[in-house]
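The opening residue of the sequence shown carries number 894 in the working numbering; numbering runs sequentially from there.
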Amino acid sequence: MDDSTKKEVMSHLTADNPEIAEKVESMMFSFEHMARLDNRTLQSILAEVNAPDLAVALKGIGDEFKNKIKSNLSEAAVKLVDEESEAGRAATATEAHVTTQRRAIIAKIRAMEAEGKIDLGGAKEIVVLQ
């Protein structure tokens, strides 16, 4: 399900039954939820994502979210993300490509959770496990 459809469904569900909507939201984890992660967890996730893919996924995301992501990257990784954003594949990425990259990152997060590397704890409280 794409992000706009998710938002529309959740909007209707919230209007109809806020309690169920809250439960559903707590079980979902979207790309935008990464902004809510603690820095340590975010760093663990970002270590698994290459800079060009991250640059594509960040296309069209607000500055606050980008800054949170970049603050959890090394200087070299930030430089690569910026270069990709300005002149690499991210600069010309289609909306479909951006969505594909975001889904790939979410898949990595879910895989890390399945491997016990992180605990999404209902998607609201995320903890890194040693």
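Glycine residues also receive a C-beta, built at the ideal position from the N, C-alpha and C atoms.
Item: Whether residue 991 touches residue 947 by CB criterion (9 angstroms); Value: no
Item: Residue 1010 vs residue 937 beta-carbon contact at 9 angstroms; Value: yes
Item: Residue 940 - containing alpha helix (DSSP H), residue span; Value: It is not in any alpha helix (DSSP H) - residue 940 carries neither H nor E in the DSSP assignment.
Item: Buried or exposed (CB count within 10 angstroms, at least 16 for buried), residue 995; Value: buried
Item: Alpha-carbon spacing of residue 953 relative to residue 927, whole angstroms; Value: 15 angstroms
Item: Contact under 9 angstroms by Cβ, residue 949 with residue 986; Value: yes
Item: Simplified DSSP state of residue 931, which is helix, strand or coil; Value: coil
Item: Outcome for residue 902 when other beta-carbon atoms lying within 10 angstroms are tallied against a minimum of 16; Value: exposed
Item: Where residue 998 sits in the DSSP three-state scheme; Value: helix
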